[in-house]
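Student:
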Amino acid sequence: MQIKTMFTESRAVSPVIGVILMVAITVILAAVIGTFVLGLGDQVGDTAPQASFTFDYDGTELTITHESGAQIDGDLVTIAGDINVTVDGEANKWSALGSDTISAGESVVVQDTDEDGFANGDTVRVVWTSESGSNSATLQTYTH
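Quick note on the working numbering: the sequence shown kicks off at 45 and runs consecutively.
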(Lines of atoms letter the chains of each structure in order from A and count residues from 1; the text may use other names and numbers.)
(Lines give C-alpha, C1' and ligand atoms only; values in the text may rest on other atoms or scores of the structure.)
Protein backbone atom coordinates (compact mmCIF):
# COMPACT_ATOMS: atom_id res chain seq x y z
CA MET A 1 0.00 0.00 0.00
CA GLN A 2 1.29 3.40 -0.89
CA ILE A 3 1.44 6.25 1.60
CA LYS A 4 -0.15 8.65 -0.85
CA THR A 5 -3.32 6.59 -1.25
CA MET A 6 -3.61 5.97 2.49
CA PHE A 7 -3.95 9.71 3.25
CA THR A 8 -6.31 10.43 0.36
CA GLU A 9 -8.67 7.52 1.11
CA SER A 10 -11.94 8.87 2.57
CA ARG A 11 -14.41 5.99 2.43
CA ALA A 12 -14.84 5.68 6.26
CA VAL A 13 -15.15 9.38 7.00
CA SER A 14 -18.89 9.72 6.37
CA PRO A 15 -20.03 6.88 8.69
CA VAL A 16 -17.75 8.12 11.51
CA ILE A 17 -19.08 11.66 11.27
CA GLY A 18 -22.64 10.30 11.24
CA VAL A 19 -22.04 8.33 14.43
CA ILE A 20 -20.44 11.32 16.17
CA LEU A 21 -23.41 13.54 15.25
CA MET A 22 -25.94 10.97 16.47
CA VAL A 23 -24.12 10.64 19.82
CA ALA A 24 -23.95 14.44 20.19
CA ILE A 25 -27.66 14.85 19.45
CA THR A 26 -28.52 12.11 21.94
CA VAL A 27 -26.41 13.70 24.71
CA ILE A 28 -27.92 17.16 24.12
CA LEU A 29 -31.46 15.79 24.04
CA ALA A 30 -30.87 13.84 27.28
CA ALA A 31 -29.50 16.96 28.99
CA VAL A 32 -32.51 19.09 27.98
CA ILE A 33 -35.04 16.46 29.04
CA GLY A 34 -33.18 15.86 32.31
CA THR A 35 -33.18 19.57 33.11
CA PHE A 36 -36.93 19.88 32.80
CA VAL A 37 -37.70 16.57 34.51
CA LEU A 38 -35.65 17.59 37.55
CA GLY A 39 -37.31 21.03 37.59
CA LEU A 40 -34.14 22.99 37.04
CA GLY A 41 -35.69 24.86 34.13
CA ASP A 42 -38.25 26.52 36.42
CA GLN A 43 -35.58 28.26 38.49
CA VAL A 44 -33.89 30.00 35.58
CA GLY A 45 -36.31 32.96 35.62
CA ASP A 46 -36.20 33.38 39.40
CA THR A 47 -32.88 35.18 39.65
CA ALA A 48 -32.69 38.33 41.74
CA PRO A 49 -32.39 41.61 39.87
CA GLN A 50 -29.18 43.61 40.12
CA ALA A 51 -29.95 46.97 41.68
CA SER A 52 -28.29 49.51 43.96
CA PHE A 53 -30.10 51.49 46.66
CA THR A 54 -28.96 54.36 48.86
CA PHE A 55 -30.25 55.28 52.31
CA ASP A 56 -30.56 58.82 53.70
CA TYR A 57 -31.56 59.22 57.35
CA ASP A 58 -32.49 62.71 58.58
CA GLY A 59 -33.12 61.85 62.23
CA THR A 60 -36.77 60.89 61.88
CA GLU A 61 -37.30 59.40 58.42
CA LEU A 62 -35.24 57.06 56.27
CA THR A 63 -35.38 57.71 52.52
CA ILE A 64 -34.52 54.70 50.34
CA THR A 65 -33.64 55.56 46.74
CA HIS A 66 -33.09 53.22 43.81
CA GLU A 67 -29.81 54.53 42.38
CA SER A 68 -29.07 52.20 39.48
CA GLY A 69 -29.66 48.76 38.07
CA ALA A 70 -32.60 46.79 36.78
CA GLN A 71 -36.15 48.05 36.77
CA ILE A 72 -38.10 46.02 39.36
CA ASP A 73 -41.79 45.29 39.94
CA GLY A 74 -42.76 47.16 43.13
CA ASP A 75 -45.03 44.31 44.28
CA LEU A 76 -42.00 42.00 44.54
CA VAL A 77 -40.00 44.30 46.84
CA THR A 78 -40.58 44.72 50.57
CA ILE A 79 -38.87 46.93 53.11
CA ALA A 80 -38.05 44.77 56.14
CA GLY A 81 -36.33 45.27 59.45
CA ASP A 82 -36.85 47.64 62.36
CA ILE A 83 -39.65 49.60 60.72
CA ASN A 84 -43.42 49.74 61.05
CA VAL A 85 -45.14 50.63 57.80
CA THR A 86 -48.54 49.50 56.56
CA VAL A 87 -50.35 51.30 53.74
CA ASP A 88 -53.77 50.08 52.55
CA GLY A 89 -53.18 46.69 54.18
CA GLU A 90 -49.93 46.14 52.27
CA ALA A 91 -47.27 45.70 54.94
CA ASN A 92 -43.97 47.19 53.82
CA LYS A 93 -44.52 46.67 50.07
CA TRP A 94 -42.65 49.15 47.90
CA SER A 95 -45.68 49.44 45.59
CA ALA A 96 -47.84 50.56 48.55
CA LEU A 97 -45.20 53.04 49.72
CA GLY A 98 -44.12 54.37 46.32
CA SER A 99 -44.61 53.34 42.71
CA ASP A 100 -45.58 50.06 41.03
CA THR A 101 -42.34 49.95 39.04
CA ILE A 102 -39.04 50.73 40.72
CA SER A 103 -36.62 52.48 38.39
CA ALA A 104 -33.60 54.70 38.94
CA GLY A 105 -34.49 57.77 40.98
CA GLU A 106 -37.59 56.26 42.63
CA SER A 107 -37.63 56.51 46.42
CA VAL A 108 -39.76 55.68 49.46
CA VAL A 109 -39.74 57.10 52.97
CA VAL A 110 -40.03 54.86 56.05
CA GLN A 111 -39.91 55.48 59.78
CA ASP A 112 -38.60 53.45 62.69
CA THR A 113 -40.89 51.32 64.84
CA ASP A 114 -40.11 53.65 67.75
CA GLU A 115 -41.20 57.26 67.69
CA ASP A 116 -37.67 58.19 68.86
CA GLY A 117 -36.02 57.19 65.58
CA PHE A 118 -33.47 54.54 64.81
CA ALA A 119 -31.17 53.24 67.53
CA ASN A 120 -27.63 51.97 66.97
CA GLY A 121 -27.76 48.55 65.36
CA ASP A 122 -31.25 48.90 63.84
CA THR A 123 -31.34 47.52 60.30
CA VAL A 124 -33.53 48.04 57.27
CA ARG A 125 -33.37 45.69 54.27
CA VAL A 126 -34.67 45.98 50.72
CA VAL A 127 -35.85 42.43 49.98
CA TRP A 128 -36.88 41.02 46.58
CA THR A 129 -39.11 37.92 46.37
CA SER A 130 -39.78 36.09 43.09
CA GLU A 131 -43.31 35.95 41.69
CA SER A 132 -43.57 32.27 42.55
CA GLY A 133 -42.35 32.97 46.09
CA SER A 134 -39.69 30.27 45.84
CA ASN A 135 -36.69 32.62 45.86
CA SER A 136 -35.84 35.79 47.71
CA ALA A 137 -32.77 37.97 48.03
CA THR A 138 -31.72 40.97 50.06
CA LEU A 139 -30.82 43.66 47.55
CA GLN A 140 -29.40 46.21 50.02
CA THR A 141 -29.06 46.63 53.80
CA TYR A 142 -28.90 49.77 55.98
CA THR A 143 -27.59 49.58 59.53
CA HIS A 144 -27.90 52.63 61.76
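We treat Cβ as the ideally placed atom computed from N, Cα and C, and that holds for glycine.
Rounded to the nearest angstrom, how far is the Cβ of residue 95 from that of residue 183, given a contact under 8 Å?
Tutor: On the sequence shown, position 51 is the one that residue 95 refers to. On the sequence shown, position 139 is the one that residue 183 refers to. That pair is a contact at about 6 Å.
Student: Identify, in the order they occur along the chain, each residue of the same chain with its Cβ nearer than 6 Å to the Cβ of residue 177, setting aside the five sequence neighbours on each side.
Tutor: In the sequence shown, residue 177 corresponds to position 133, counting from 1. Around residue 177: no qualifying Cβ.
Student: Between which two residues does the beta strand (DSSP E) carrying residue 181 extend?
Tutor: On the sequence shown, residue 181 is found 137 positions in, with the first residue counted as 1. Element bounds for residue 181: 180 to 187.
Student: What is the DSSP secondary structure of residue 124, reduced to helix, strand or coil?
Tutor: Here residue 124 refers to the residue found at position 80 when the sequence shown is read from its first residue. Strand, per DSSP.
Student: Where does residue 136 land, buried or exposed, given buried means 16+ other C-beta within 10 angstroms?
Tutor: The count along the sequence shown starts at 1 and reaches residue 136 at position 92. With 16 or more other Cβ atoms within 10 Å, it is buried.
Student: Compute the distance between the beta-carbons of residue 148 and residue 92, then report whether it is under 8 Å.
Tutor: As a position in the sequence shown, residue 148 is number 104, starting the count at 1. As a position in the sequence shown, residue 92 is number 48, starting the count at 1. Cβ distance not < 8 Å, so residue 148 and residue 92 don't count as in contact.
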